[in-house]
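Input: a single structure, listed below in structure tokens.
Residue numbers (the numbering used here), protein chains in the order written: chain A, 1 to 273; chain B, 274 to 696.
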């Protein structure tokens, strides 16, 4: 089992790269005939990655989130999963190239993981806290994808306003679609993260007797989530334009990225474990 | 016996002749049906297809006719009572592979006046249907159409030769689809009731736009146009009130001043802040204040902007030409290969008959000299020898099919050796 999983871990970046290459071919219009084959490849890569995560879960008897490598691998899987759903719903492959770039680098770094790390933290063995972690990662992923769609919206907006009729203009989905996708992904992220955070707080209350523990990750995640909730609600009430929301989404993502890098989010677990 | 590709094309197009000449040599459906029967009868061509559109008249003749093409051209001159068909300045004659390449380019839109336009494919299909119904189709022509259509599909599928709008009104429709997800959920307001507005309305209707609101200075004209597209008619006085109901607005009037001002649009925006509004100004002088383009969620395009899109699309189509030509050449090669295999079958049949004739002739001579009881063995022996010799020829013929030069050399050799050319 260990050997199969190691092989899969090493193969996955190549599969993601292949997928990225296919989407770049679709985006740059070199191979419209690849569309169906790419859809099949996407499903296949998703299944292989899911199988790889499942193997590790069975072997470690805990959710594979013990190291930064594990977290990155799960992040890549989340991006792929969210994108897969978006592609299925909106039946448009033009944005795949932009989204999957964000999945490729995490999986590439994750493949450098030298060995499996048996989880020593008893919290991750707790299934509800494992779900809390998974929901938070998927929530972050949705926010990232929302920001990517917001960026694409801004590019297409500028293309239309500046009369730039390039291949990018041709290949990008309609402006309204990009705006809706961006808002939809952000809302999805807020809901999923909200659920994840609530679950986390309820569990700490159960285990440590306190609903809120003064941990840097808890504080920052809660702040980020509140920031998104506030911005989204105000934008909705004040009827801000899609363009302004797009700028906010991209800005929010950059802030989120800076915070994650700053505190080294994947390096360690909560301080209270 | 060397079998060349039996296709001849006599044609005229927008590239070689002005419209007056093209009009003079164009054929109506009735004339085409008559010509197909007559050319078959008079010159023994097996397949005859006539493609007559506003941009070209092309006569495709397939089969090995002994007729001189000049005679056919003279006959056509006589039929149309003109001298154009024999004028090499206007008419081109292509034969064999050259004619096939040309046909594949025509059917795929590579030779069209508007590069990549798909209308020609339907016109070729129509021409073939007529040829078929008038007995003007043979195996060669049938296969030519099949391969041609496959090439056309491949070009459309694998290149962007037919992508993007190449007319101003269609560019407006395409641009709307780049802003909105689905046009059927969008309402359009058309200001004016002239030809430009009507053409644009037609394009938008084809793409399934929602409500169509026609606004004009005189209500009668608005009603006439609205009736054509199941729309609603209003006067210009209703314009400010209706602005909140539309997502696309197209204006093409002869008004000397602006019909739609920034103030009017700003007021409208307050009522629907999230929704984009696409404004298309096809009027000269302009109907819409250019200052509205500075507003958020408002996209204003005028004639020059749309013309820019058309030019950009045409340039993109031109960039696709090398890839499209490559596909065409590959398809032509596949067709030539099919023909070679088909020709081999034909030659093998002739060779078998040739050997069988010799065998029967020799057996007939031997029958009078040899005892009857030995004849079955001799018949078996000669048949076996014949098959073995024939097998060598067939093997070599099939082995060289994919090497056209070698194949032709071998066919030549067989023709000379067995005198098949005469037969």
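All C-beta atoms in this analysis are idealised placements derived from N, C-alpha and C, irrespective of residue type, glycine included.
Quick one: Cα of residue i to Cα of residue j, how far?
i                     : j                     : result
residue 170 (chain A) : residue 17 (chain A)  : 24 Å
residue 464 (chain B) : residue 82 (chain A)  : 44 Å
residue 591 (chain B) : residue 332 (chain B) : 27 Å
residue 696 (chain B) : residue 422 (chain B) : Because residue 696 (chain B) carries a pLDDT of 43, less than 50, the predicted location of this residue cannot be relied on, and the following value inherits that uncertainty. If you take the alpha carbons of residue 696 (chain B) and residue 422 (chain B), they lie about 35 Å apart.
residue 39 (chain A)  : residue 106 (chain A) : 21 Å
residue 348 (chain B) : residue 309 (chain B) : 13 Å
residue 167 (chain A) : residue 204 (chain A) : 51 Å
residue 631 (chain B) : residue 692 (chain B) : 13 Å
residue 200 (chain A) : residue 206 (chain A) : 10 Å
residue 65 (chain A)  : residue 516 (chain B) : 55 Å
residue 476 (chain B) : residue 327 (chain B) : 22 Å
residue 541 (chain B) : residue 513 (chain B) : 8 Å
residue 288 (chain B) : residue 325 (chain B) : 15 Å
residue 261 (chain A) : residue 190 (chain A) : 21 Å
residue 274 (chain B) : residue 670 (chain B) : At residue 274 (chain B), the pLDDT of 41 sits below 50, so the modelled position is not reliable; the number obtained from the coordinates is stated separately. Residue 274 (chain B) and residue 670 (chain B): Cα-Cα distance of roughly 13 Å.
residue 336 (chain B) : residue 374 (chain B) : 17 Å
residue 140 (chain A) : residue 102 (chain A) : 12 Å
residue 580 (chain B) : residue 555 (chain B) : 10 Å
With a cut-off of 7 Å, does the C-beta of residue i fall near any C-beta of chain A?
i                     : result
residue 570 (chain B) : yes
residue 387 (chain B) : no
residue 495 (chain B) : no
residue 424 (chain B) : no
residue 585 (chain B) : yes
residue 521 (chain B) : no
residue 294 (chain B) : no
residue 578 (chain B) : yes
residue 696 (chain B) : In this predicted model, residue 696 (chain B) has a pLDDT of only 43, less than 50, meaning its place in the structure is not dependable; the value taken from the coordinates is given anyway. No, no contact with chain A.
residue 373 (chain B) : no
residue 582 (chain B) : yes
Going by beta-carbon coordinates alone, are residue i and residue j separated by less than 7 Å?
i                     : j                     : result
residue 443 (chain B) : residue 160 (chain A) : no
residue 432 (chain B) : residue 596 (chain B) : yes
residue 460 (chain B) : residue 397 (chain B) : no
residue 608 (chain B) : residue 420 (chain B) : yes
residue 111 (chain A) : residue 10 (chain A)  : yes
residue 174 (chain A) : residue 453 (chain B) : yes
residue 282 (chain B) : residue 372 (chain B) : yes
residue 498 (chain B) : residue 525 (chain B) : no
residue 533 (chain B) : residue 561 (chain B) : yes
residue 46 (chain A)  : residue 84 (chain A)  : yes
residue 305 (chain B) : residue 323 (chain B) : yes
residue 165 (chain A) : residue 585 (chain B) : yes
residue 522 (chain B) : residue 473 (chain B) : no
Using DSSP bridges, identify the partner residues of residue i.
i                     : result
residue 320 (chain B) : B:335
residue 330 (chain B) : B:285 and B:325
residue 485 (chain B) : B:461
residue 347 (chain B) : Looking at the DSSP assignment, residue 347 (chain B) forms no beta bridge with any residue, so it has no partner.
residue 506 (chain B) : B:487
residue 210 (chain A) : Note: residue 210 (chain A) sits in no beta bridge, so no partner.
residue 521 (chain B) : B:461 and B:551
residue 533 (chain B) : B:561
residue 571 (chain B) : B:550
residue 65 (chain A)  : DSSP output for residue 65 (chain A) lists no bridge partner at all.
residue 280 (chain B) : B:335
residue 379 (chain B) : According to DSSP, which records beta bridges pairwise, residue 379 (chain B) is partnered with nothing at all.
residue 367 (chain B) : B:282
Is any beta-carbon of chain B found at less than 7 Å from that of residue i?
i                     : result
residue 74 (chain A)  : no
residue 97 (chain A)  : no
residue 165 (chain A) : yes
I want to verify the contact list: residues of chain E whose CB lies under 8 Å from the CB of residue i, in sequence order.
i                     : result
residue 160 (chain A) : Note that chain E does not occur in the displayed structure, where the protein chains are A and B.
Taking any Cβ of chain B, which residues in the region 239–253 of chain A have a Cβ under 9 Å from it, in chain order? Result list: 239, 240, 241, 242, 243 and 244.
Taking Cβ-Cβ distances below 7 Å as the criterion, which residues of the region 445–462 of chain B are in contact with chain A? Result list: 450, 451, 452, 453 and 454.
Under 7 Å, CB to CB, which of the residues in the region 54–68 of chain A have a partner in chain B? Taking 7 Å as the Cβ-Cβ cut-off against chain B, none of the residues of the region 54–68 of chain A qualify.
Which residues, in order along the region 588–600 of chain B, keep a beta-carbon less than 8 Å from a beta-carbon of chain A? For the region 588–600 of chain B, which is checked against every Cβ of chain A, the residues closer than 8 Å are 589.
Short-range partners of chain A found in the region 509–536 of chain B, where Cβ spacing is below 7 Å: Of all residues in the region 509–536 of chain B, none comes within less than 7 Å of chain A when Cβ atoms are compared.
Within 7 Å of chain B by C-beta, residues of the region 172–200 of chain A in sequence order: Listed by position along the chain: 174, 175, 176 and 177.
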